[in-house]
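Below: the structure, in structure tokens.
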Amino acid sequence: MVISKEDIYKILETIPDPEIPVISILDLGIVRDINIENDQVEVIITPTYSGCPAMDMIEVNIKAGLQDAGYDQVKVTTVISPAWTTDWLSESGRQKLKEYGIAPPVKGAHDKNLLFSAERVVECPLCESKDTHMVSQFGSTPCKSLYKCNSCLEPFDYFKCH
Amino acid sequence: MNQTLLNYILQIADNSLILGSRISEWCGHGPVLEQDIALTNIALDLIGQARSLFQYAAEVEGQGRTEDDLAYLRIAREYRNVLLVEQPNGHFGTTIARQFLFDAYHYPFYKALMNSKDETLAAIAEKSLKEVTYHLRFSSEWMIRLGDGTDESHEKVQNALYDLWPYTSELFVPSETDNSALEMGIGVDLSEVKNFWNEKVDEILKIATLEKPQDGWMQSGGKQGKHSEHLGFILAEMQYLQRTYPGQEW
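Heads up: the sequence lines are chains A and B, in that order.
Just so you know, the first sequence maps onto residues 1 to 162 in this note's numbering.
Just so you know, the second sequence maps onto residues 1 to 250 in this note's numbering.
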């Protein structure tokens, strides 16, 4: 059997992120590459945050998903360089996040590495108001911050840009 | 095996592990929910960094020890973390002051480590720097909020600074390992890190209306494995499970 990268990508597209199940691990941009050698499939992934507890689960899910599709020899390799960035989130991933109630990272935020940068404008994913404020830089998972909308008063998660 | 590289990795890993362990004591005890979550997030980042480093250390050592063996089955004298990170949490202001003093070191340290000739260390530094940037922002903002807050919060955080100050100079005094690693091009020049640290501390304390303590008797020994009495208690709690039920994995 000749294995094609496209086939593997199609399967990976169906594997959700364990914490945010509306987006796939492809949308999230953590799948960096696929190597195919004979019958052996190697999927290369990168963590969003060093301590992300979902990484082990993602590895298990990738193996299970590919094995269900008939690929028996699957290896998952984790690399940390280049470091994951929210720029790797796909366009459809951003849209799905928003529909799910999580504000996607503000694009082109050139203040990523600065300390004390001016607060960026984050749009409320519920009412689309731009009048929001950050409650805490740290949220329910390492990749999110907690925001509150001043218009509709709802709290929401912001997928922080980094 | 490259002994200098191994020692250097462990020195960095131990700082993250012990501080991460310390901060995780706050989980469920934070002053308000948001800050409880913030501290827990920071602890998770640090322990994640420690994990990457211990995995690499186990690989470099190549003696069959795993990341778990290195984290959980060494004795106190074998840990190489600085004394600052093992100091007790105290109240929220003490934890913030300790965090700020360490973050202001951690940030330029990783920034410089990105230029290490050792590719894996450089990659871990690149990844970790993104996280530490948030940490430093968080602890700086809280230093300002507490220092320039009420009379009580000002006094508490000022006293915490006085108490922790003697543990700060050790960060910049190179150990034998630091010197060898620098010579080999894999390590960081601590004098450059110190310049950033001094500027950052001056900048934030000024805004926070806090007084910078004078250098007096400064403590040291952590990098040589000579720890304060606190480390033993941390290890007793941290290693209990692994020593009672050997072979557990992360």
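For each residue, glycine too, the CB sits at the ideal point set by N, CA and C.
Enclosing beta strand (DSSP E) for residue i [first to last residue]
i, result
"residue 35 of chain A", "31 to 37"
"residue 146 of chain A", "144 to 149"
"residue 157 of chain A", "155 to 159"
"residue 133 of chain A", "132 to 136"
"residue 44 of chain A", "40 to 45"
"residue 244 of chain B", "Unbroken run through residue 244 of chain B is the alpha helix (DSSP H), 230 to 244; no beta strand (DSSP E)."
"residue 219 of chain B", "Segment: none, residue 219 of chain B is in no beta strand (DSSP E) and carries neither H nor E."
"residue 74 of chain A", "73 to 78"
CB contact check: residue i to chain A, cutoff 7 Å
i, result
"residue 11 of chain B", "no"
"residue 21 of chain B", "no"
"residue 207 of chain B", "no"
"residue 134 of chain B", "yes"
"residue 127 of chain B", "yes"
"residue 123 of chain B", "yes"
"residue 112 of chain B", "no"
"residue 6 of chain B", "no"
"residue 38 of chain B", "yes"
"residue 286 of chain B", "Since the first and last residues shown for chain B are 1 and 250, residue 286 of chain B lies out of range."
"residue 44 of chain B", "yes"
"residue 100 of chain B", "no"
"residue 92 of chain B", "no"
"residue 41 of chain B", "yes"
"residue 130 of chain B", "yes"
Beta carbon proximity, residue i to chain B, threshold 7 Å
i, result
"residue 138 of chain A", "yes"
"residue 110 of chain A", "Annotation note: pLDDT 46 at residue 110 of chain A (below 50); position unreliable, coordinate value reported separately. Residue 110 of chain A does not count as touching chain B."
"residue 162 of chain A", "yes"
"residue 122 of chain A", "no"
"residue 81 of chain A", "yes"
"residue 142 of chain A", "yes"
"residue 77 of chain A", "no"
"residue 74 of chain A", "no"
"residue 135 of chain A", "yes"
"residue 20 of chain A", "no"
CB-CB length for residue i against residue j, believed under 8 Å
i, j, result
"residue 136 of chain B", "residue 142 of chain A", "At roughly 16 Å, the Cβ-Cβ gap does not stay under 8 Å, so residue 136 of chain B and residue 142 of chain A are not in contact."
"residue 96 of chain B", "residue 139 of chain A", "Their Cβ separation, rounded to whole angstroms, is 19 Å, which puts residue 96 of chain B and residue 139 of chain A out of contact at 8 Å."
"residue 60 of chain B", "residue 146 of chain B", "Actually they do not touch by this definition, with Cβ atoms about 41 Å apart."
"residue 17 of chain A", "residue 89 of chain A", "About 11 Å; that fails the 8 Å criterion."
"residue 131 of chain A", "residue 146 of chain A", "Actually they are not in contact, since the Cβ atoms of residue 131 of chain A and residue 146 of chain A sit about 16 Å apart, beyond 8 Å."
"residue 189 of chain B", "residue 112 of chain B", "7 Å"
"residue 86 of chain A", "residue 133 of chain A", "Incorrect: roughly 20 Å between the Cβ atoms, too far for contact."
"residue 167 of chain B", "residue 87 of chain B", "6 Å"
"residue 100 of chain B", "residue 140 of chain B", "6 Å"
"residue 11 of chain B", "residue 80 of chain B", "4 Å"
"residue 15 of chain A", "residue 52 of chain B", "So it is not a contact: roughly 23 Å between Cβ atoms."
"residue 51 of chain A", "residue 48 of chain B", "3 Å"
"residue 11 of chain A", "residue 66 of chain A", "6 Å"
"residue 40 of chain A", "residue 75 of chain A", "7 Å"
"residue 47 of chain A", "residue 84 of chain A", "7 Å"
Start and end residues, alpha helix (DSSP H) containing residue i
i, result
"residue 4 of chain B", "3 to 24"
"residue 59 of chain A", "54 to 68"
"residue 55 of chain B", "33 to 61"
"residue 11 of chain A", "5 to 12"
"residue 295 of chain B", "This structure cannot speak to residue 295 of chain B, because chain B is shown only from 1 to 250."
"residue 17 of chain A", "Unbroken run through residue 17 of chain A: none, as it is neither H nor E."
"residue 28 of chain A", "25 to 28"
Cutoff 7 Å: residue i Cβ touching any chain D Cβ
i, result
"residue 210 of chain B", "The question asks about chain D, but that chain is absent: this structure's protein chains are A and B."
- Just by C-beta distance, which residues in the stretch 31 to 62 of chain A are closer than 8 Å to chain B? 47, 49, 50, 51, 52, 53
- Item | Start-end ranges of the alpha helix (DSSP H) lying completely within the stretch 82 to 141 of chain B, minimum 4 residues | 83 to 86, 92 to 113
- Query: Taking only runs of the alpha helix (DSSP H) that begin and end inside the stretch 133 to 197 of chain B, which ones reach a length of at least 4 residues, in chain order?
  - Reply: 151 to 164, 176 to 183
- Item | Interface positions of the stretch 219 to 249 of chain B facing chain A (Cβ-Cβ less than 7 Å), listed along the chain | none
- Closer than 8 Å, Cβ to any Cβ of chain A: which residues of the stretch 47 to 58 of chain B, in chain order? 47, 48, 49, 51, 52
- Message: Suppose only complete runs of 4+ residues qualify. What are the alpha helix (DSSP H) ranges in the stretch 84 to 113 of chain A, listed by chain order?
- Response: Segments of the alpha helix (DSSP H) lying fully in the stretch 84 to 113 of chain A: 91 to 100.
- Near-chain A residues of the stretch 135 to 153 of chain B - C-beta to any C-beta below 9 Å: 136, 137, 138, 140, 141
- Near-chain B residues of the stretch 142 to 158 of chain A (beta-carbon distance less than 8 Å), N- to C-terminal order: 142, 146
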